[in-house]
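Numbering (UniProt numbering), first residue to last: 1 to 280.
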Amino acid sequence: MEIKGKWSLVTGASSGIGEQFARQLAKQGSHLVLVARSKSKLEELASELRKRYGIKAEVIPLDLAKEGAPSELYQQCRLLKVEIELLVNNAGFATHGLFEQVSGERQHEEVMLNVTAVVDMTHLFLPDMLRKSSGAVINVASTAGFQPLPYMAVYGATKAFVLSFTQALYWENRDRGVKFFALCPGSTDTSFFNVVGAEEASVGKKDTPERVVEIALRALKEGKLYVVPGMQNYMGAQLSRFITRKQGLRLVGNMLRPREGSGNYKNNGNQSDLAGRTNQ
């Protein structure tokens, strides 16, 4: 799709994959609405991209995990008279540890951001795209969406939701002029694992945010349903098709079990509340 001169909205735009979406879309000539909690980081990025590429960039600092935040964001876009052509639902975070020992409040917030905000944002912005028979939605899922994740149960489930949700809407809108696409990265060199405190969740060589976004935008133009950057990541995502569910749980559970000596491991069995924003 041609994005030059049109508006893209990127959530979680202040770092990581979200920041790279902003940079690469600006390079293609897209105007931007940048959303994250960190106003200072967004304003610095917006200023840089305006000067470098001559595009327009609006900054909306907002925590999309809060009830009603997507609606507030949509209304702000209307007040700015901005019509979004490309919606990138990228913001999200993860928790790590035994399910009952991780804060229930944090896991509720995790579902609100990773799932509810994605649904609400899509529901708000899709009708405007359909009226023009033009537009696209990129939902950032994960290789985590292809199998259950012991010790990251909520995160894996939310990304499975995002992948299923995106595929369903791809089919619903395939002849209506609006594209849906799921990006499913594996381990990526962002602050994700440092913030979550779960370096054991990083499997294999980390990809760069730049390459992940390049692959995503190319795949979107090619009309693909989803993409898993990296052959190793792709093969890992397909592994569940060839082994039993219990075998898959054993494999993933052994990789994600909090390690002795890590910040997530305590001999008394009490896991700390481990949660961190990603791409915000």
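All C-beta atoms, glycine included, are put in the ideal place defined by N, C-alpha and C.
Only counting the same chain, and skipping five residues up and downstream in sequence, which positions put a Cβ closer than 6 angstroms to that of residue i?
i: Ser8; result: Leu25, Ser30, Leu32 and Leu86
i: Ala117; result: Leu64 and Pro70
i: Ala36; result: Gly12, Ala13, Ser14, Leu42 and Gln280
What does a CB cutoff of less than 8 angstroms around residue i pick up in its chain, not counting 5 residues either side in sequence?
i: Val111; result: Val154 and Thr158
i: Tyr53; result: Ala26, Lys27 and Gly29
i: Lys39; result: Val59 and Pro61
Which residue comes first and which comes last in the beta strand (DSSP E) that contains residue i?
i: Asn89; result: Ile84 to Asn89
i: Thr95; result: Gly92 to Thr95
i: Ile138; result: Gly135 to Val140
i: Leu9; result: Trp7 to Thr11
i: Leu79; result: Note, Leu79: premise wrong, no beta strand (DSSP E); alpha helix (DSSP H) at Ala69 to Leu79.
Please look up how many angstroms separate the CB atoms of residue i and residue j, rounded, as I've assumed it's under 8 angstroms.
i: Thr166; j: Ala182; result: 4 angstroms
i: residue 281; j: Ile84; result: Residue 281 falls outside the range modelled here, since the chain spans only 1 to 280, and no answer is possible.
i: Lys41; j: Ser14; result: 4 angstroms
i: Pro150; j: Leu225; result: That pair is no contact at about 28 angstroms.
i: Ala91; j: Leu49; result: With a Cβ gap of about 19 angstroms, Ala91 and Leu49 do not count as contacting.
i: Ala141; j: Leu113; result: Not really, about 14 angstroms apart at Cβ, beyond 8 angstroms.
i: Pro229; j: Ile17; result: Going by Cβ atoms, the distance from Pro229 to Ile17 rounds to 10 angstroms, so no, they are not a contact pair.
i: Phe99; j: Val137; result: Actually they are not in contact, since the Cβ atoms of Phe99 and Val137 sit about 30 angstroms apart, beyond 8 angstroms.
i: Leu124; j: Val178; result: Leu124 to Val178, Cβ: 14 angstroms. No contact.
i: Val88; j: Val10; result: 4 angstroms
i: Leu251; j: Met152; result: About 14 angstroms separates the two Cβ atoms, so there is no contact after all.
i: Val102; j: Phe161; result: Rounded, the Cβ-Cβ distance is 18 angstroms, inconsistent with contact.
i: Ser133; j: Arg174; result: Actually they do not touch by this definition, with Cβ atoms about 12 angstroms apart.
Just reading off the alpha helix (DSSP H) that residue i is part of, what are its end residues?
i: Pro209; result: Pro209 to Lys221
i: Ile17; result: Gly16 to Lys27
i: Lys39; result: Lys39 to Tyr53
i: residue 306; result: Lying outside 1 to 280, the shown extent of the chain, residue 306 is not represented and no answer is given.
i: Ala153; result: Ala153 to Glu172
i: Pro127; result: Ala117 to Lys132
Excluding the five sequence neighbours on either side, which residues of its own chain have a C-beta within less than 7 angstroms of the C-beta of residue i, listed in chain order?
i: Asn194; result: The pLDDT assigned to Asn194 is 46, lower than 50, so where the model puts this residue is not dependable; a value taken from the coordinates is nonetheless given after this. Nothing meets the Cβ criterion.
i: residue 322; result: Since the first residue of the chain shown is 1 and the last is 280, residue 322 is not available in this structure.
i: Gln28; result: Ile3 and Lys4
i: Gln107; result: Thr95 and Val154
i: Ser240; result: Phe146, Gln147 and Gly248
i: Ala216; result: Ile138, Leu183 and Val227
Using the Cβ count rule (16 or more neighbours within 10 Å means buried), how would you classify residue i?
i: Glu19; result: buried
i: Met231; result: exposed
i: Gly253; result: exposed
i: Gly68; result: exposed
i: Gln147; result: buried
i: Glu44; result: exposed
i: Glu109; result: buried
Sorry if obvious, but does the Cβ on residue i come closer than 8 angstroms to a heavy atom of the ligand GTP?
i: Gly186; result: In the structure on display, the ligand GTP does not appear, and there are no ligands present to speak of.
Using a Cβ distance threshold of 8 angstroms, determine whether the segment 169 to 177 contacts the segment 241 to 248, with at least three qualifying pairs required. Touching, no, given that fewer than three Cβ pairs across the two stretches are closer than 8 angstroms.
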